[in-house]
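Residue numbers (the working numbering): 44 to 374. Think of the CB as a built atom: it goes at the ideal place given N, C-alpha and C, for glycine as much as any other residue. Here the structure is laid out as structure tokens; the discussion comes afterwards.
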């Protein structure tokens, strides 16, 4: 189980390890294996995990129930020259169901005698197993855990320098300012690179008072930081109540799950309930959830259809997903 805040390289690290292992397998240094990846954000329902795993392993399409049965048979039966399967489950928390049968099966299959299955799971919450998993599921997870800590100032500085690939584009003080600011807030390498990218754009398009050195300077970085930290929307998100912030997170989770930019209140509410449980909070009622949604609409963080549609009203973000996530992480 791999955990850590967003932007700390969890998924990227696993991908790099798998590339190294694949290279070793290609050179016959280790036995061949099959790597399969599924992401909770990209599923219409937790049970779709079965469908995706089966399709990526065999190319076979099946309903969720049929796929689960076929996978059960595959990982329970002995077979000659059976290849090891390495399964990566990203955004594990979104596979939560009331009975937790999806999580249970994913963690139980590797314990079968003939499974030849290794499961790696990734989520943002360090104590997710203790928070939301019932004992029979948590006991299957195993004791191997890895926690990714937020990047420090020096690490962020090294990441930026590495991305610049020895090109002298930033003044040293400007580079330090970005690294220190992000390290103090979230340690998110992606946001650090976003700020550098924006500062570079400002430098390129700045006609008045360009840096004497021709490099991205403190002024450009300060302007980029000001844009990102002083937006009225970001301030509104930071000042929102806990339930309002959770609802915004639920909106993004649902958008990513569907691959769309809008969803019904009913769909978002399911995500909101799950997030409440993950955070150890009492899930709100439908009427309370509608109230939270209406308040976010009133301050224009969300765009809503007519409230007369009730749980079927469609919800859209009126700000970028990155801004919402950054405001919440910074908060």
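What do you get for residue i, buried or exposed, if any count of 16 or more other CB atoms within 10 angstroms of its CB means buried?
i, result
"residue 188", "exposed"
"residue 351", "exposed"
"residue 102", "exposed"
"residue 330", "exposed"
"residue 324", "exposed"
"residue 315", "buried"
"residue 59", "exposed"
"residue 139", "buried"
"residue 172", "buried"
Is the beta carbon of residue j closer than 7 Å to that of residue i?
i, j, result
"residue 99", "residue 129", "no"
"residue 90", "residue 72", "no"
"residue 280", "residue 341", "no"
"residue 242", "residue 267", "yes"
"residue 132", "residue 81", "yes"
"residue 356", "residue 308", "yes"
"residue 193", "residue 294", "no"
"residue 83", "residue 115", "no"
Given residue i, which residues of its chain have a CB within under 6 Å of its CB, disregarding the five upstream and five downstream residues?
i, result
"residue 161", "129"
"residue 94", "107, 110"
"residue 127", "76, 159"
"residue 335", "286, 287, 290"
"residue 237", "none"
"residue 230", "193, 194"
"residue 359", "305, 346"
Per the DSSP calculation, residue i is bridged to which residue(s)?
i, result
"residue 213", "259"
"residue 306", "358"
"residue 130", "79, 162"
"residue 238", "Looking at the DSSP assignment, residue 238 forms no beta bridge with any residue, so it has no partner."
"residue 45", "165, 189"
Could you pull out every residue in the same chain whose Cβ sits closer than 8 Å to the Cβ of residue i, ignoring the five residues on either side in sequence?
i, result
"residue 168", "46, 136, 174, 321"
"residue 147", "179, 180, 183"
Skipping 5 residues on each side, what residues in its chain have a beta carbon closer than 7 Å to that of residue i?
i, result
"residue 151", "183"
"residue 199", "222, 225, 226, 232, 235"
"residue 276", "344, 362, 366"
Pair every Cβ in the segment 66–76 with every Cβ in the segment 46–53, then say whether three or more of these pairs are closer than 8 Å. no
Do the segment 348–365 and the segment 211–225 meet, that is, are 3 or more Cβ pairs less than 8 Å apart? no
Check whether the segment 217–234 touches the segment 202–209, counting contact only when three or more Cβ pairs, one atom from each stretch, lie closer than 8 Å. yes
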